[in-house]
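Visitor: Residue numbers (numbering that gives the first Met the number 0), protein chains in the order written: chain X, 0 to 321; chain F, 0 to 321.
There are 2 protein chains.
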Amino acid sequence: MPTIILNQKAILKLLDMAEVIGVVEAAFKDWAEGRGTMPPKAYLLLEKGDFRAMPASLPGAAGVKWVAVHPQNPGRGLPTVMGTIIYNDPQNGYPLAIMDGTDITAYRTGAAAAIASKYLARPDARTLGIIGAGRQAHTQIQAHLPLFNIKQVKVFDTHKEATVRLIKAFPEYPLRESTLEETAAADIVCTLTPSREPYLKKEWIAPGTHINAIGADAEGKEELEPALLKRAMVVVDDIRQASVAGEINVPVAKKLFSVDEVYANLGEIIAGKKRGRTDPKAITIFDSTGVAIEDIAVTKIIYEKALKNGNFMTINMIGTAP
Amino acid sequence: MPTIILNQKAILKLLDMAEVIGVVEAAFKDWAEGRGTMPPKAYLLLEKGDFRAMPASLPGAAGVKWVAVHPQNPGRGLPTVMGTIIYNDPQNGYPLAIMDGTDITAYRTGAAAAIASKYLARPDARTLGIIGAGRQAHTQIQAHLPLFNIKQVKVFDTHKEATVRLIKAFPEYPLRESTLEETAAADIVCTLTPSREPYLKKEWIAPGTHINAIGADAEGKEELEPALLKRAMVVVDDIRQASVAGEINVPVAKKLFSVDEVYANLGEIIAGKKRGRTDPKAITIFDSTGVAIEDIAVTKIIYEKALKNGNFMTINMIGTAP
Chain X
0 MPTIILNQKA ILKLLDMAEV IGVVEAAFKD WAEGRGTMPP KAYLLLEKGD FRAMPASLPG
60 AAGVKWVAVH PQNPGRGLPT VMGTIIYNDP QNGYPLAIMD GTDITAYRTG AAAAIASKYL
120 ARPDARTLGI IGAGRQAHTQ IQAHLPLFNI KQVKVFDTHK EATVRLIKAF PEYPLRESTL
180 EETAAADIVC TLTPSREPYL KKEWIAPGTH INAIGADAEG KEELEPALLK RAMVVVDDIR
240 QASVAGEINV PVAKKLFSVD EVYANLGEII AGKKRGRTDP KAITIFDSTG VAIEDIAVTK
300 IIYEKALKNG NFMTINMIGT AP
Chain F
0 MPTIILNQKA ILKLLDMAEV IGVVEAAFKD WAEGRGTMPP KAYLLLEKGD FRAMPASLPG
60 AAGVKWVAVH PQNPGRGLPT VMGTIIYNDP QNGYPLAIMD GTDITAYRTG AAAAIASKYL
120 ARPDARTLGI IGAGRQAHTQ IQAHLPLFNI KQVKVFDTHK EATVRLIKAF PEYPLRESTL
180 EETAAADIVC TLTPSREPYL KKEWIAPGTH INAIGADAEG KEELEPALLK RAMVVVDDIR
240 QASVAGEINV PVAKKLFSVD EVYANLGEII AGKKRGRTDP KAITIFDSTG VAIEDIAVTK
300 IIYEKALKNG NFMTINMIGT AP
């Protein structure tokens, strides 16, 4: 039986942000309503980096993303984060496809934040703040701009070249270099740095702001002052992951914030079990750690598009017949 | 950068049981001496079957085996157990190879049992008993016969056709159909069934026997009378896995056997931290659940042989250059 192999190049041709937003939103709803399965990640921690196995299932889909995180990679010409996805038929377990997971990860992360903004930001948001102008900034902008009537994207990065590069990459969009404080004053703020010290101050954040806290995805990482969490309506993608590896992990460990103070997970809001923003003056925060349910939803649509498209490499993985 | 893709057919050409025994034994030693890492398996439990992510590292090697177990598959022309392995460079995380894991699993399981027999069976063992004549029986025979001076292999299966098929597959070896009780009277006994009721009676097992208990690999499975465990020197591959999914899992759950009664894990014996058999009259039991360390060791040698051999399919998984 043939297994489809899709590399990064093939996948980039099949990724469409509007579609990704659609399937990721549906996946959160399926999961919240009991039609998805996601066991905790399994971590393999080594000297030079770590690996994470992220299994999940959705109706008609099952698989695992195997992610490598190696912080010294950029100096070697390789991405810090690389993922490989095995996609299986849940009925018989056959490996239907093996895909590079690098861009699927970037797209689904952008999509999840934009979905959170849809439910939590003010619908009349006009400015987007991007803190950290690296890889994730691209998909955050791609995901947010079609959903809101954004008049200006403010960009801050401690490396000026990164900001310049990002602005050049979106000549059609209203990007502008800003100070950290100006960027924090946007209607929707996306924090995308690997910081281990909170740098986003409560005093900079106006009532009515929505923040997508994306950067913290491992123990010890944090971007927001804990006082900001206390003042806000906090929504997570997965409470198990967020409490040990998300934006809330350090404040929870220091007992400055309790998991009981989390308002909801995103799936509950999408499924209508809890309400999104009701108060235009509220500060809302989405703590995104990245969940395997998102990956499997995007993998499924990429697999289906590849089948229709017909232009792919296959190999008979199992079965010894020629 | 190219990723090597090896399907079942390519891997079968590269598998050599003597080599597999060598690298699996070294892997257990590495692991026991702190040079290997193996986090617990992550289980994805679905309606028609389940999936397991099995990550591990050894010096110079890292990866994950993603295994699907679907009991209804044989009726559909697919194996019950299928695995796909992603093999990475531990220094930078790059996916060096993607391989079918079906035969790697079968070979490493046979190898681990034969290694256990080497340390736990009497060196003058002359008879091998095979209970369950399915797929696993082949690799048990392949692994054991070169290590011992076996004069007779007794085979029992409740399906006579399976026994006949197995005997035909080894025309060069002294296989003979036997009753269950006769097979249990062999010097080395391998239990290879998916039984959920203990069928191997203590009264059939002579002093000095070594048993490789392979069949029980999930909660609720058991092949040996608990009284036999009580009477024996029990060695496991991994105490965490064995206590929840190995031969001892049901007796442990029923409080008929305690994990404290386990004598050692196989790695400790290979590393010389504990002694193997010292008493010719002892009954020894190896409780094999199958560990990811074994898989990664075999994957490494297959990868290295494939590179030398030069005959493989590659794809540039990551990197968008043509």
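Beta carbons: idealized from backbone N, C-alpha and C, even for Gly.
On the criterion of 16 or more Cβ atoms from any shown chain inside 10 Å, does residue 344 (chain X) qualify as buried, or is it exposed?
Guide: The structure shown has nothing for residue 344 (chain X), since chain X only spans 0 to 321.
Visitor: Check for me: the beta strand (DSSP E) holding residue 102 (chain X) runs from which residue to which?
Guide: In the first sequence, counting from the first residue as 1, residue 102 (chain X) sits at position 103. Not the beta strand (DSSP E): residue 102 (chain X) falls in the alpha helix (DSSP H), residues 101-119.
Visitor: Give a yes or no on whether the minimum CB-CB distance between residue 65 (chain F) and chain X is below 8 Å.
Guide: Taking the first residue of the second sequence as 1, we reach residue 65 (chain F) at position 66. Yes, residue 65 (chain F) counts as interfacial toward chain X.
Visitor: Start and end of the beta strand (DSSP E) containing residue 65 (chain F)?
Guide: If you number the second sequence from 1, residue 65 (chain F) lands on position 66. It spans 60-68 - the beta strand (DSSP E) in which residue 65 (chain F) sits, taken as one unbroken run.
Visitor: Roughly how many angstroms lie between the CA atoms of residue 49 (chain F) and residue 98 (chain F), to the nearest whole one?
Guide: On the second sequence, residue 49 (chain F) is found 50 positions in, with the first residue counted as 1. On the second sequence, residue 98 (chain F) is found 99 positions in, with the first residue counted as 1. Spanning the two alpha carbons is a distance of roughly 20 Å.
Visitor: Going by DSSP in three states, residue 201 (chain F) sits in which element: helix, strand or coil?
Guide: Residue 201 (chain F) sits at position 202 when you count from the first residue of the second sequence. Three-state DSSP puts residue 201 (chain F) in a helix.
Visitor: I believe residue 309 (chain X) touches residue 0 (chain X) by the beta-carbon criterion, under 8 Å. Please report the beta-carbon distance rounded to the nearest angstrom.
Guide: Looking up residue 309 (chain X) in the first sequence gives position 310. Looking up residue 0 (chain X) in the first sequence gives position 1. Their Cβ separation, rounded to whole angstroms, is 17 Å, which puts residue 309 (chain X) and residue 0 (chain X) out of contact at 8 Å.
Visitor: Who are the neighbours of residue 47 (chain X) on chain F, taking C-beta pairs under 9 Å?
Guide: Within the first sequence, residue 47 (chain X) is the residue found at index 48, counting from 1. What residue 47 (chain X) touches in chain F: 89, 90, 91, 92.
Visitor: Hey, how far is the Cα of residue 203 (chain X) from the Cα of residue 24 (chain F)?
Guide: To locate residue 203 (chain X), count along the first sequence from 1; it is residue 204. To locate residue 24 (chain F), count along the second sequence from 1; it is residue 25. Taking the straight line from one Cα to the other gives about 60 Å.
Visitor: So, does the CB of residue 42 (chain X) fall closer than 8 Å to a CB anywhere in chain F?
Guide: Here residue 42 (chain X) is taken as the residue at index 43 of the first sequence, counted from 1. Closer than 8 Å to some Cβ of chain F, the Cβ of residue 42 (chain X) qualifies, so yes.
Visitor: Would you say residue 99 (chain X) faces chain F, with C-beta separation under 8 Å as the test?
Guide: Along the first sequence, one-based indexing puts residue 99 (chain X) at 100. Yes, residue 99 (chain X) lies at the interface with chain F (some Cβ there is under 8 Å from its Cβ).
Visitor: Since residue 264 (chain X) and residue 234 (chain X) should fall inside the 8 Å C-beta cutoff, what is the C-beta to C-beta distance between them, to a whole number of angstroms?
Guide: Numbered from 1 along the first sequence, position 265 holds the residue referred to as residue 264 (chain X). Numbered from 1 along the first sequence, position 235 holds the residue referred to as residue 234 (chain X). Rounded, the Cβ-Cβ distance is 7 Å, consistent with contact.
Visitor: Answer with yes or no whether the minimum CB distance from residue 183 (chain F) to chain X is below 8 Å.
Guide: Position 184 of the second sequence holds residue 183 (chain F). No, no contact with chain X.
Visitor: Which of helix, strand or coil does DSSP assign to residue 4 (chain F)?
Guide: Here the question's residue 4 (chain F) lines up with position 5 in the second sequence. If DSSP states are grouped into helix, strand and coil, residue 4 (chain F) belongs with the strands.
Visitor: Name the chain X residues whose beta carbon is nearer than 7 Å to that of residue 56 (chain F)?
Guide: Working through the second sequence from its first residue, we reach residue 56 (chain F) at position 57. Per Cβ cutoff of 7 Å: 43, 45.
Visitor: With respect to the beta strand (DSSP E) encompassing residue 340 (chain X), which residues constitute its N-terminal and C-terminal limits?
Guide: In this structure chain X extends from 0 to 321, so residue 340 (chain X) is not present and cannot be described.
Visitor: Report the residue ranges of all beta strand (DSSP E) runs contained in full by the segment 238-262 of chain X; include only those spanning at least 3 residues, in chain order.
Guide: Whole beta strand (DSSP E) segments, 3+ residues: zero.
Visitor: If you draw a straight line from the C-alpha of residue 299 (chain F) to the C-alpha of residue 205 (chain X), how long is it?
Guide: Residue numbering aside, residue 299 (chain F) sits at position 300 when the second sequence is read from its first letter. Residue numbering aside, residue 205 (chain X) sits at position 206 when the first sequence is read from its first letter. For residue 299 (chain F) and residue 205 (chain X), the distance between alpha carbons rounds to 55 Å.
Visitor: Rounded C-beta distance between residue 121 (chain X) and residue 279 (chain X)? I'm assuming under 8 Å.
Guide: In the first sequence, residue 121 (chain X) corresponds to position 122, counting from 1. In the first sequence, residue 279 (chain X) corresponds to position 280, counting from 1. Rounded, the Cβ-Cβ distance is 6 Å, consistent with contact.
Visitor: Could you check what DSSP says for residue 42 (chain X) in three-state terms: helix, strand or coil?
Guide: Working through the first sequence from its first residue, we reach residue 42 (chain X) at position 43. Residue 42 (chain X) falls in the strand class under three-state DSSP.
Visitor: Quick check on residue 148 (chain X): buried or exposed, where buried means 16 or more other Cβ atoms within 10 Å of its Cβ?
Guide: Here residue 148 (chain X) is taken as the residue at index 149 of the first sequence, counted from 1. Its Cβ having fewer than 16 others within 10 Å, residue 148 (chain X) is exposed.
Visitor: Report yes or no: is there a C-beta of chain X within less than 8 Å of the C-beta of residue 14 (chain F)?
Guide: Here residue 14 (chain F) is taken as the residue at index 15 of the second sequence, counted from 1. Not an interface residue.
Visitor: For a cutoff of 8 Å on Cβ pairs, would you count residue 69 (chain F) as touching chain X?
Guide: On the second sequence, position 70 is the one that residue 69 (chain F) refers to. It does: the Cβ of residue 69 (chain F) has a partner Cβ on chain X nearer than 8 Å.
Visitor: In chain X, which residues lie with their C-beta within 8 Å of the C-beta of residue 39 (chain F)?
Guide: In the second sequence, the residue the question calls residue 39 (chain F) occupies position 40. Within 8 Å Cβ-Cβ: 41.
Visitor: Only counting the same chain, and skipping five residues up and downstream in sequence, which positions put a Cβ closer than 7 Å to that of residue 65 (chain F)?
Guide: Translated into the one-based positions of the second sequence, residue 65 (chain F) becomes position 66. So the list reads 50, 52, 82, 83, once near-sequence residues are dropped.
Visitor: According to DSSP, is residue 229 (chain F) helix, strand or coil?
Guide: Numbered from 1 along the second sequence, position 230 holds the residue referred to as residue 229 (chain F). In the structure shown, residue 229 (chain F) sits in a helix (DSSP, three-state: H, G or I).
Visitor: Taking C-alpha atoms, which residue in F:45, F:15, F:182, F:118 lies nearest to residue 162 (chain F)?
Guide: Numbered from 1 along the second sequence, position 163 holds the residue referred to as residue 162 (chain F). Cα-wise, what sits closest to residue 162 (chain F) is F:182.
Visitor: Specify the secondary structure class of residue 167 (chain F) as computed by DSSP and reduced to three states.
Guide: Residue 167 (chain F) sits at position 168 when you count from the first residue of the second sequence. In this structure, residue 167 (chain F) counts as helix in the three-state DSSP scheme.
Visitor: To the nearest angstrom, how far is the alpha carbon of residue 222 (chain X) from that of residue 304 (chain X)?
Guide: By one-based count along the first sequence, residue 222 (chain X) stands at place 223. By one-based count along the first sequence, residue 304 (chain X) stands at place 305. Spanning the two alpha carbons is a distance of roughly 37 Å.
Visitor: Would DSSP call residue 188 (chain X) helix, strand or coil?
Guide: The residue given as residue 188 (chain X) occupies position 189 in the first sequence. If DSSP states are grouped into helix, strand and coil, residue 188 (chain X) belongs with the strands.
Visitor: Classify residue 17 (chain X): buried if its beta carbon has 16 or more other beta carbons within 10 angstroms, exposed otherwise.
Guide: Here residue 17 (chain X) refers to the residue found at position 18 when the first sequence is read from its first residue. Classification for residue 17 (chain X): exposed.
Visitor: Which word fits residue 36 (chain F), buried or exposed, when buried means at least 16 other C-beta atoms lie within 10 angstroms of its C-beta?
Guide: To locate residue 36 (chain F), count along the second sequence from 1; it is residue 37. Its Cβ being crowded by 16 or more others within 10 Å, residue 36 (chain F) is buried.
Visitor: Would you list the residues sitting across from residue 12 (chain F) in a DSSP beta bridge?
Guide: As a first step, residue 12 (chain F) must be located in the second sequence, where it is residue number 13. Paired residue(s): none; residue 12 (chain F) is not in a bridge.
Visitor: Can you pull the chain F neighbours of residue 311 (chain X), defined as C-beta to C-beta under 9 Å?
Guide: Within the first sequence, the letter at position 312 stands for residue 311 (chain X). Residues of chain F passing the Cβ test: none, with the nearest at roughly 11 Å.
Visitor: So with CB distances below 7 Å, who are the chain X contacts of residue 3 (chain F)?
Guide: Residue mapping note: residue 3 (chain F) aligns to position 4 of the second sequence, counting from 1. Those do not exist, as residue 3 (chain F) stays about 11 Å from chain X at its closest Cβ, beyond 7 Å.
Visitor: Can you confirm whether residue 95 (chain F), when its beta carbon is compared against all beta carbons of chain X, has any partner nearer than 8 Å?
Guide: Residue 95 (chain F) sits at position 96 when you count from the first residue of the second sequence. Residue 95 (chain F) does not count as touching chain X.
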